[in-house]
Amino acid sequence: MTRVISILSGKGGVGKTFVTANLGILLADLGKDITIIDGNLTTPNLGLHLGIPLFPKTLHDVLKNKAKISDALYEHESGLKIIPAGISLNDLRGIDARDLPSALLGLLGNTGLVIIDSAAGLGREALAAIESSNEAIIVTNPDLPAVLDAMKATKLSEKIGTKVLGLVVNRISNKRHELSEREITELTEIPILAKIPEDRSVSKSIAMKTPITKYKPNSKVSIELKKLASALIGRRIEYSVPWYRRVFSIFR
Ligand SMILES: Nc1ncnc2c1ncn2[C@@H]1O[C@H](COP(=O)(O)OP(=O)(O)OP(=O)(O)O)[C@@H](O)[C@H]1O
Ligand SMILES: [Mg+2]
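Numbered per this note's numbering, the sequence shown spans residues 2 to 253.
Here it is as structure tokens:
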């Protein structure tokens with residue numbers, strides 16, 4: 002059975018697309034046959050994170066029965082495959098997110114691993130992503146509104162029968178008002194898979210249309226994402242800590 006993992010959150014803007022794009026690039030680097038899908042049908046931007054804003058055929062054309070899923074499958078220079086969504090307002094006319102699980106059927110069996118970047122909220126679009134997946138990763142920020150939505154996303158996934166692998170806590174800046182790791186685990190009752198710090202390089206990398214794991218591969222953000230990618234496929238992480246970080250750690 003093809004592994005299909007949806008990236009969910011509940012709350013918007015917590016970093017789902019950033020996590021999806023980088024996991025895709027890293028898993029392709031690890032030699033995986035990986036396809037990422039823009040499941041954010043109303044406000045898609047996965048292509049932008051990879052520097053490809055426009056595609057001739059998209060998931061919207063597939064949902065309108067105007068294209069086969071293979072027509073909307075593109076290969077990034079990294080070897081990563083992507084199924085983008087259409088970015089124009091017209092693309093939204095005549096589509097129903099509930100058709101997503103059946104639209105993806107043609108893909109299953111032809112790829113090793115699928116990751117779906119879901120929309121915010123827990124409406125039709127997110128529901129369609131959950132129903133299309135057998136596993137889910139929930140992205141959150143270390144604040145109460147995001148964590149409460151993460152709890153809802155977890156419960157909904159479990160109810161549907163999609164296995165929740167755990168949480169990615171993103172944008173940690175270790176401020177006193179932030180929820181601690183313990184508080185987050187106590188509330189959500191699911192394991193934390195990765196702890197990603199707040200880093201201005203993330204928005205810079207998006208502006209540069211280069212995922213941060215390529216733009217700043219030795220940053221803490223990239224190393225956490227590499228650990229997550231390796232853990233997902235049960236591989237031991239192999240990366241070298243840059244010399245300057247080793248020197249600083251002696252003084253800590
Ligand atoms: N670790 C981080 N450090 C700093 N900025 C970050 C970090 N992660 C994400 N961001 C910023 O947060 C913004 C939102 O990220 P992203 O688009 O991935 O969120 P999202 O959950 O996909 O949003 P939506 O719910 O709208 O789809 C981006 O502009 C990105 O620059
Ligand atoms: Mg997004």
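Ideal Cβ positions, reconstructed from N, Cα and C, are used throughout, including at glycine.
Expected contact under 8 Å - CB spacing of Val169 and Leu194 to nearest Å: With 8 Å as the limit, Val169 and Leu194 qualify as a contact, their Cβ atoms being about 6 Å apart.
Backbone CA spacing between Gly13 and Ile139 [nearest angstrom]: Looking at the two C-alpha atoms, the distance is approximately 12 Å.
Beta-bridge partners of Val203, as assigned by DSSP: According to the DSSP secondary-structure assignment, Val203 is paired through a beta bridge with no residue.
Residues surrounding ligand 1 [beta-carbon distance to nearest heavy atom under 7 Å]: Neighbourhood of ligand 1, defined by CB distance below 7 Å to any of its heavy atoms: Ser10, Gly13, Gly14, Val15, Gly16, Lys17, Thr18, Phe19, Val20, Asn41, Thr44, Asn46, Asp118, Ala120, Ala121, Val140, Asn171, Arg172, Ile197, Pro198, Glu199, Asp200, Arg201, Val203, Ser204, Ile207 and Val222, in chain order.
Start-to-end residues for the alpha helix (DSSP H) that takes in Lys228: Annotation: the continuous alpha helix (DSSP H) that includes Lys228 extends over Lys221 to Leu233.
Rounded separation between Met152 and Thr44 - CA only: Approximately 23 Å, taken between the alpha carbons.
Bounding residues of the beta strand (DSSP E) (the contiguous stretch that carries Glu136): Segment Glu136 to Thr141, the beta strand (DSSP E) holding Glu136.
Same chain, Cβ closer than 7 Å to Arg253, five either side skipped, listed in chain order: Since pLDDT at Arg253 reaches only 49, below the 50 mark, its modelled position is unreliable, and no value is offered.
Span of the beta strand (DSSP E) around Asp144: No beta strand (DSSP E) contains Asp144, which DSSP labels as neither H nor E.
In DSSP terms, what Leu114 is bridged to: Under DSSP, Leu114 takes part in a beta bridge, and its partners are Arg4 and Ile35.
Alpha helix (DSSP H) segments (min. 4 residues) lying fully within the segment 9 to 69: If only complete runs of 4 or more residues are kept, the segment 9 to 69 shows the alpha helix (DSSP H) at 17 to 30, 47 to 50 and 60 to 64, in order along the chain.
Opening and closing residue of the alpha helix (DSSP H) in which Leu188 lies: Leu188 -> alpha helix (DSSP H) spans Glu182 to Thr189.
Among Lys82, Asn91 and Asp100, the one whose alpha carbon lies nearest that of Val63: Of the candidates Lys82, Asn91 and Asp100, the residue whose Cα lies closest to the Cα of Val63 is Asp100.
Counted within 10 angstroms of its Cβ, other Cβ atoms place Ser89 as buried (16 or more) or exposed: Exposed is the label assigned to Ser89, since fewer than 16 other Cβ atoms lie within 10 Å of its Cβ.
First and last residue of the uninterrupted alpha helix (DSSP H) at Leu101: First-last of the alpha helix (DSSP H) with Leu101: Leu101 to Ala104.
Three-state class that DSSP yields for Ala86 in the structure shown: In the three-state DSSP reduction, Ala86 falls in the coil class, being neither helix nor strand.
Start-to-end residues for the alpha helix (DSSP H) that takes in Arg177: Unbroken run through Arg177: none, as it is neither H nor E.
CB-CB length for Ser79 against Gly40, believed under 8 Å: The pair is not a contact, with the Cβ atoms about 20 Å apart (cut-off 8 Å).
Bridge-paired residues (DSSP) for Ala208: Partner(s): none; Ala208 has no beta bridge.
Own chain partners of Leu108 with C-beta closer than 6 Å, once the 5 adjacent residues on each side are dropped: Only Ile70 meet the Cβ criterion.
Span of the alpha helix (DSSP H), counted from its first residue to its last, around Leu128: That run of the alpha helix (DSSP H) goes Arg125 to Ser133.
DSSP three-state assignment for Glu76, whether helix, strand or coil: Residue state, collapsed to three classes: strand.
Short Cβ contact (8 Å threshold) for Ile207 with Leu28: No Cβ-Cβ contact shorter than 8 Å links Ile207 with Leu28.
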